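Numbering of the sequence shown is given in this note's numbering, commencing with residue 4 and proceeding in unit increments.
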Amino acid sequence: MEIVWYGHSCFRISERGMGSVVTDPFDASVAGYNPLKLKSEIVTISCDDPVHNYSKAVKGDPLVIAGPGEYEVGGVFITGMRTVSEKKESDGLRNTLYIMDFGTLTVAHLGRVSHSPTQSDIESMGSVNIALVPVGDGASLNASKAAEVISMLEPNIVIPMYYETPQSKLNLDPLSKFLKEMGITQLETLESYKINNANAFTEEETHVIALDPKIMA
């Protein structure tokens with residue numbers, strides 16, 4: 004499996020022999036970064052906002068998933084779960100988080116979640132190997148809430164998303180605030196995250212890995 008980050012909540016997750024997934028493609032004129040030029044079989048959209056729902060940036064006639072339910076495409080099983088915000092939502096937007104089962108690995112994309120899930124939600128999500136977690140506040144989790152959610156999920160790997168970068172136009176907190184909350188002084192940063200299967204995880208401790216955003220030419 005390879006996970007590539009394009010900024011904000013947008014990733015491309017690919018596994019050999021299975022359908023590829025693009026999460027939360029954004030409108031660059033609103034979000035910042037260069038315009039996306041992606042291709043995949045599946046697109047997941049966490050909420051109806053141009054920073055999360057710009058599916059026209061993804062070619063290949065993908066299946067666009069924009070809400071709760073169970074889906075199967077190209078060997079990937081996806082479960083969408085609605086979350087309820089504790090923050091005032093003047094825009095009326097609701098978030099859907101996605102659990103993506105690639106057989107030997109499970110990835111959770113939390114979308115624009117803004118509160119800790121209930122114990123029932125955690126049980127419904129099952130075992131999560133890799134969690135893609137918003138950490139920059141704005142309309143989503145702040146650093147302390149993100150740390151709380153991670154402690155509940157207990158994933159093997161956390162990849163932070165939705166935080167301030169030089170390319171972003173959004174008013175978000177920097178990654179350093181989340182790292183301080185987590186007590187992390189040394190951080191591994193990669194161009195992309197690659198792993199073969201869940202057997203590669205030999206420790207129970209959760210590791211945080213940051214990805215450099217891949218800037219489209």
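From the three backbone atoms N, C-alpha and C, an ideal C-beta is built for every residue, glycine too. Fair warning: this is a prediction, and the values are worked out from it, not measured in the lab.
Residue i classed as buried or exposed, judged by whether at least 16 other C-beta atoms fall within 10 angstroms
i	result
V33	exposed
E18	buried
R85	exposed
P28	buried
K222	The question about residue 222 has no answer, for the chain in this structure spans 4 to 220.
T26	buried
A203	exposed
S12	buried
Rounded C-alpha distance that separates residue i from residue j
i	j	result
E89	V136	Confidence at E89 is low in this model, with a pLDDT of 49, below 50, so its placement is unreliable and the value that follows should be read with caution. Straight-line Cα distance between these residues: approximately 17 angstroms.
P65	E157	31 angstroms
T188	P163	15 angstroms
A146	I81	27 angstroms
T99	N56	12 angstroms
E191	I16	19 angstroms
I160	T209	6 angstroms
L39	M155	33 angstroms
K59	Y101	20 angstroms
S23	K172	27 angstroms
G72	E207	30 angstroms
N37	K180	25 angstroms
Contact check, residue i vs residue j, beta carbons under 9 angstroms
i	j	result
A150	M185	yes
P216	G78	no
A69	T47	yes
V211	L182	yes
S127	T109	no
G63	S49	no
L113	A142	no
Q170	G35	yes
D140	L175	yes
Bridge-paired residues (DSSP) for residue i
i	result
G83	G72 and Y101
S17	E5
L66	I45
G10	C13
M164	P137
Problem - Start-end ranges of the beta strand (DSSP E) lying completely within the stretch 123-154, minimum 3 residues - result: As for any beta strand (DSSP E) of minimum length 3 sitting wholly inside the stretch 123-154, the runs are 133-137, ordered along the chain.
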